[in-house]
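In the working numbering, the protein residues as written are 7 to 258.
See the structure below:
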């Protein structure tokens, strides 16, 4: 599923290109000061896309029947990115621009950028930020959730669940009240049974389609109210992403 405001936010591939360009510039800058092996492991495009898909797939609670039948309410496994930080001492000092090894804004007599290599990179590739989009998305989601048509559909979903012996008012409610433990290593048979009922009741009541359509309309209203600011943020974001993408492609 997609929503109108999606076009104003960074996509997983755009975020990936920005991260790669940022890390490449870190390495290039640090190499100038003798740090030839520097930087965290490269980010995973698959992990970024998986996180985005998981977020959208749970926007109205779980909605994928096959996933419910295999994973219940458990999220798909995604490896945690390894923890990384620059080595203490000279490496950290050159990277951040401050530390005992930095003397008069220089390292071993060689001038370093303001804010170190991190500061230089941030000026070259500022993080794509779209706060107006984020706020508009949040408002549209909350208004749609409280719309009478959506609330009525949620009530029908709840009634469907109750017929199956499951007392829960909203698909956004904590399912632990039904005996589901989403922190367990794997989903049990009862969790899969409940999750399957959840999605089947959504299908019967057309809850996801109605909710999504309502949120689309609310986002369109937000776009009409904030057109100039949204367009400016999108253009700023696109310029940063374009520069990062070009740098990414140049690296081969």
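For every residue, glycine included, the Cβ atom is placed at its ideal position computed from N, Cα and C.
| Asked | Found |
| --- | --- |
| Contact set for residue 175: own chain, Cβ-Cβ below 6 Å, skip 5 residues either direction | 164 |
| Helix, strand or coil at residue 243 [DSSP, three-state] | helix |
| Run of the alpha helix (DSSP H) containing residue 24, from where it starts to where it stops | 18–37 |
| Element boundaries [alpha helix (DSSP H), containing residue 80] | Neither: residue 80 is in no alpha helix (DSSP H) and is coded neither H nor E. |
| Run of the alpha helix (DSSP H) containing residue 147, from where it starts to where it stops | 137–151 |
| Whole-angstrom C-beta distance between residue 146 and residue 224, which should lie under 8 Å | 4 Å |
| Among 74, 252 and 162, the one whose alpha carbon lies nearest that of residue 195 | 74 |
| Strand pairing of residue 254, partner residues [DSSP] | In the DSSP output, where bridge partners are listed per residue, residue 254 has none listed. |
| Residue 48 versus residue 160: straight-line alpha-carbon distance, rounded | 42 Å |
| Per-residue DSSP class, three states only, for residue 14 | helix |
| Beta-ladder partner(s) of residue 42, from DSSP | Residue 42 pairs with nothing; no bridge assigned. |
| Simplified DSSP assignment, three categories, for residue 179 | coil |
| Alpha helix (DSSP H) segment containing residue 157, residue limits | 154–169 |
| Distance between residue 228 and residue 139 (C-alpha atoms, nearest Å) | 9 Å |
| Residue closest to residue 143, alpha-carbon to alpha-carbon, out of 192, 221, 40 and 204 | 221 |
| Bounding residues of the alpha helix (DSSP H) (the contiguous stretch that carries residue 124) | 122–130 |
| As assigned by DSSP and simplified to three states, the class of residue 173 | coil |
| Assigned secondary structure, residue 204 (DSSP; H/G/I helix, E/B strand, else coil) | helix |
| Sequence-distant residues of its chain with Cβ nearer than 6 Å to residue 202 (five each side left out) | 74 and 75 |
| Those residues which DSSP pairs with residue 231 across a bridge | Answer is none; residue 231 lacks a bridge partner. |
| Residue interval of the alpha helix (DSSP H) (run including residue 102) | 96–102 |
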